[in-house]
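Heads up, the thing below is written out as C-alpha cells.
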Amino acid sequence: MASAPASPPPPKVLLVRREVAAHPRQRFYLAEVLVGLRVTAGHFFRNMGRWMRGQKGAVTYQWPEDRRPLASRLRSLHRLVRRDDGSPRCVACMMCETVCPAHCIYIVAGEHPNPDVEKYPTRFDIDLGKCVFCGFCVEACPEDAIRMDTGILEFSAFSREGLVYSKDVLLALEPAGADGLPTMAPPAALVRRGFE
Amino acid sequence: MVDLGIAFARVAFIMGFVLNLGGLLTWVERKQSAVMQDRVGANRASILGFRLFGLFHPLADALKMLTKEDFMPARADRVLFLVAPVASVFFALSGFATIPFGDVLQVGGREISLQAVELNAGVLYVFAMLSMGVYGVVLAGWASANNFALLGGQRAAALMISAEVAIGASIMGVCMVYGSLDLQEIARGQGAYWGGVIPKWGLLTQPLGFVLFLTAGIATTKRAPFDFPEGESEIIGYNVEYSGMKFGMFLMADFVETVVVAGMTTALFLGGWQVPWLFRDGFHLPGGLLIGLPHLVVVLLQVGAFVTKVVAMVWFLMLIRWTLPRFRYDQAMRLGWLGLLPLAVLNIVLTAAVLLL
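One line per chain: the protein sequences are A and B, in this order.
Mapping the first sequence onto the numbering used here, position 131 (from 1) lands on 131, and the numbers just tick up by one.
Mapping the second sequence onto the numbering used here, position 47 (from 1) lands on 47, and the numbers just tick up by one.
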C-alpha cells in the first residue's frame with residue numbers, strides 16, 4: 001500500500017514584531033507636536049488672512065450660489081436642436097437610438113409634410129435614468145439635431161418616470177452660455193413627464 | 001441684601017461668560033477646523049436670510065437636540081441614566097467659580113474681589129470639580145447597560161486618574177512659587193516683575209509646569225488627542241445610548257471643561273487678569289513713564305485681558321484638538337504615569353531647589 005502523499009510541513013509561525021525605530025525627536029513627541037501645530041496654524045492664519053483681504057481661503061465651491069466653471073466639451077443634459085420654424089431638426093433616422101449603448105433613446109417616426117425632409121420624430125424620449133452620457137448619440141447624428149451642450153447637470157427627480165424627458169421638453173432647452181454655465185433652470189419634474 | 005446682589009452679579013457674570021463661550025465653542029470648533037483644513041465650515045443655518053458666518057448653527061443644534069427622541073434603553077438604570085449628564089455638566093460649570101476674572105473693584109466704599117467665590121483653596125476646588133466631572137461619564141457608562149458604554153466609562157476613569165495625578169503635581173510648582181492656593185493671590189503674584197520689565201508670569205517661572213499642566217488639562221477635557229473614552233471609531237463610548245439633549249449635555253460638558261482648563265491655564269500661567277505694567281493706578285512703563293488711568297478703566301482692562309487670554313487659550317486648545325491624532329489607550333496611560341508624573345515630581349523638586357537658593 002502506497003502511503004498517502006506526505007503533507008507539506010506546517011508553515012513556521014514567525015512572530016514578527018514590527019517596531020519602526022523612531023527618531024529620538026519623534027520619541028520625545030513634543031517637538032513633533034510643535035511641528036504639526038506649525039502646519040495647522042499656518043493654514044489657519046493664511047486662510048484667515050485671505051478672508052480678511054476678501055479673497056477665497058477655502059477650496060470649496062459653495063454650490064448652488066457658486067458654480068464651478070464647466071469645460072466647454074463637457075457632456076451635459078441633451079437637447080434637440082430646432083429649425084427656424086421651431087420644429088425639430090431631427091429626421092428620425094434612428095442612428096442615435098441604434099448607437100446608444102444604454103438603450104435610453106426611444107423614437108417614433110412620422111411622415112413629414114415636406115417630401116425633402118421625409119421623416120420627423122412624433123416621439124423622442126430620453127430616459128436619463130439609463131443614459132450613461134457617452135455622447136455617442138451626438139457623434140452619430142447626421143443632422144446635428146441632438147447636442148449635449150446645455151450645461152445643465154441638476155436634473156434629479158422623485159420618480160423614475162420623472163427622468164424620462166419627452167420631445168417637447170428636449171426641444172425647449174437652450175445651449176449654455178459662453179462661460180459654460182446653463183442659461184436656464186432644469187425643467188420641472190411635472191413638465192418632464194408630459195403632464196402639463 | 002447688597003451683598004446678595006453682589007454675589008449674584010459675580011455668579012451671573014461667570015455663568016454668562018462660561019455658558020456663552022461654551023455654547024459658542026460648537027461654532028468655533030466647526031469654523032476653526034474648517035479654516036485649518038482649507039474648508040468653509042457650517043454656514044447654511046439662516047434666520048430671515050441672514051447667515052452670519054454660521055453663527056446660528058449652535059441655535060439650530062440646540063433646537064434639534066431638544067426635539068429629538070429621548071431614548072432610554074430598557075435595561076438601563078433609570079435614575080443614574082438621568083443623573084449622569086446632569087453631573088457631567090454641573091461639575092464642569094461649577095469648576096470656573098474660583099477663577100478670578102479681575103482684581104478688586106471698588107464701588108461705594110466696598111472692595112469686591114472679581115471672582116464668583118472667594119476661596120483660599122481655590123486651586124484645589126477647581127481641581128476637585130474637574131476630577132468630579134468623571135463621575136458623570138462613569139455613571140453614564142454604567143447606567144447605559146451597554147458594554148461599549150461601560151468600556152468608555154472605564155477608560156474615562158483610567159484616563160482621569162492618570163491625568164489628575166499629573167495635573168495636581170504640576171500645579172504644585174505654581175503654588176510653591178506664588179506661595180498660595182488662592183487663585184486670586186496667584187494672579188496678583190504674577191504682577192511682580194524681574195528688573196521692572198519682565199512680568200513674573202507662571203509661563204516664565206514654571207515653563208515645565210506649564211507644558212505638563214496643559215497636557216494633563218487637555219486629557220481631563222476628554223477631547224482629542226485624549227478622546228478614547230469616546231473613541232467614536234472603535235467603541236463609540238460612554239455616550240453611545242444617549243440621544244437628544246442628554247447627549248447634548250455631555251457635549252456641552254466637554255466644551256465647558258475646555259473653557260475651564262483655558263481659564264485655569266490663564267489664571268496659573270498666563271498672569272490671570274494681569275496686563276503687563278498695568279497697576280491699580282495706571283501703566284508704569286519700564287522707562288519710568290507713568291500713564292494714570294481711572295479705577296474703572298483699569299478694572300475693565302483687566303477683565304478684558306482675562307477674557308482675551310481665555311479666548312486665545314481656547315483657540316490654542318482647539319488647534320491642538322484638530323492637529324493631533326488620538327492616543328491609544330495604553331499610550332495615554334504610559335504618558336500619564338511614566339511621562340507626566342515623574343516630570344511633575346521633578347518640577348516640584350527643581351522648583352523647591354531654586355526657591356531655597
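All C-beta atoms in this analysis are idealised placements derived from N, C-alpha and C, irrespective of residue type, glycine included.
Please state if the CB of residue j and the CB of residue i are separated by a distance shorter than 9 Å.
i, j, result
"residue 221(B)", "residue 257(B)", "yes"
"residue 85(B)", "residue 250(B)", "yes"
"residue 269(B)", "residue 345(B)", "no"
"residue 321(B)", "residue 231(B)", "no"
"residue 177(B)", "residue 189(B)", "yes"
"residue 78(A)", "residue 131(A)", "yes"
"residue 273(B)", "residue 306(B)", "yes"
"residue 145(A)", "residue 81(A)", "yes"
"residue 163(B)", "residue 336(B)", "yes"
"residue 152(A)", "residue 172(A)", "no"
"residue 14(B)", "residue 99(B)", "yes"
"residue 55(B)", "residue 244(B)", "no"
"residue 42(B)", "residue 59(B)", "no"
"residue 77(B)", "residue 142(B)", "yes"
"residue 157(B)", "residue 340(B)", "no"
"residue 92(B)", "residue 129(B)", "yes"
"residue 275(B)", "residue 22(B)", "no"
"residue 333(B)", "residue 212(B)", "no"
Run down chain B in chain order and give the residues with a C-beta less than 9 Å from the C-beta of residue i.
i, result
"residue 183(A)", "Here the premise fails: no neighbours, minimum Cβ distance about 26 Å."
Does any C-beta atom of chain A lie closer than 9 Å to the C-beta of residue i?
i, result
"residue 188(B)", "no"
"residue 311(B)", "no"
"residue 347(B)", "no"
"residue 37(B)", "yes"
"residue 34(B)", "yes"
"residue 47(B)", "no"
"residue 20(B)", "no"
"residue 319(B)", "yes"
"residue 67(B)", "no"
"residue 261(B)", "no"
"residue 323(B)", "yes"
"residue 239(B)", "no"
"residue 211(B)", "yes"
"residue 120(B)", "no"
"residue 43(B)", "yes"
"residue 341(B)", "no"
Would you mind telling me which residues of chain A sit closer than 8 Å to residue i, beta carbon to beta carbon, in chain order?
i, result
"residue 330(B)", "Going along chain A, no residue has its Cβ under 8 Å from residue 330(B), so there is no contact; the nearest lies around 14 Å."
Output, in chain order, the set of chain B residues within a Cβ distance shorter than 7 Å of residue i.
i, result
"residue 62(A)", "40"
"residue 33(A)", "324"
State yes or no: is the beta carbon of residue i nearer than 9 Å to at least one beta carbon in chain B?
i, result
"residue 91(A)", "no"
"residue 186(A)", "no"
"residue 10(A)", "no"
"residue 135(A)", "no"
"residue 30(A)", "yes"
"residue 128(A)", "no"
"residue 37(A)", "yes"
"residue 195(A)", "Note that residue 195(A) scores 48 on pLDDT, short of 50, meaning its location in the model is unreliable and no value can be drawn from it."
Residues of chain B with a CB under 8 Å from the CB of residue i: which are they?
i, result
"residue 153(A)", "Here the premise fails: no neighbours, minimum Cβ distance about 21 Å."
For residue i, which residues does DSSP report across the bridge?
i, result
"residue 199(B)", "193(B)"
"residue 50(B)", "47(B)"
"residue 290(B)", "284(B)"
"residue 127(B)", "For residue 127(B), which the question treats as bridged, DSSP gives no partner whatsoever."
"residue 120(A)", "110(A)"
"residue 165(A)", "126(A)"
"residue 81(B)", "In DSSP, residue 81(B) forms no bridge with anything."
"residue 105(A)", "126(A)"
"residue 279(B)", "282(B)"
"residue 110(B)", "107(B)"
"residue 167(B)", "None, per the DSSP bridge assignment."
"residue 88(A)", "82(A)"
"residue 147(A)", "79(A)"
The stretch 178-187 of chain B in contact with the stretch 114-130 of chain B per 3-pair CB rule at 8 Å: yes
Inter-stretch contact at 8 Å, needing at least 3 Cβ pairs: the stretch 111-131 of chain A / the stretch 148-168 of chain A: yes
Any 3 or more C-beta pairs closer than 8 Å across the stretch 293-308 of chain B and the stretch 95-103 of chain B: yes
Residues within the stretch 39-70 of chain A neighbouring chain E, beta-carbon criterion of under 7 Å: Of the chains in the structure shown, none is chain E; the protein chains are A and B.
Cβ contact check for the stretch 126-143 of chain B and the stretch 70-83 of chain B: 3 or more pairs under 8 Å: yes
Three-pair Cβ contact test at 8 Å for the stretch 233-245 of chain B versus the stretch 143-151 of chain B: yes
Segment contact flag, the stretch 28-44 of chain B with the stretch 259-266 of chain B, C-beta cutoff 8 Å, min 3 pairs: no
Three-pair Cβ contact test at 8 Å for the stretch 23-30 of chain B versus the stretch 310-324 of chain B: yes
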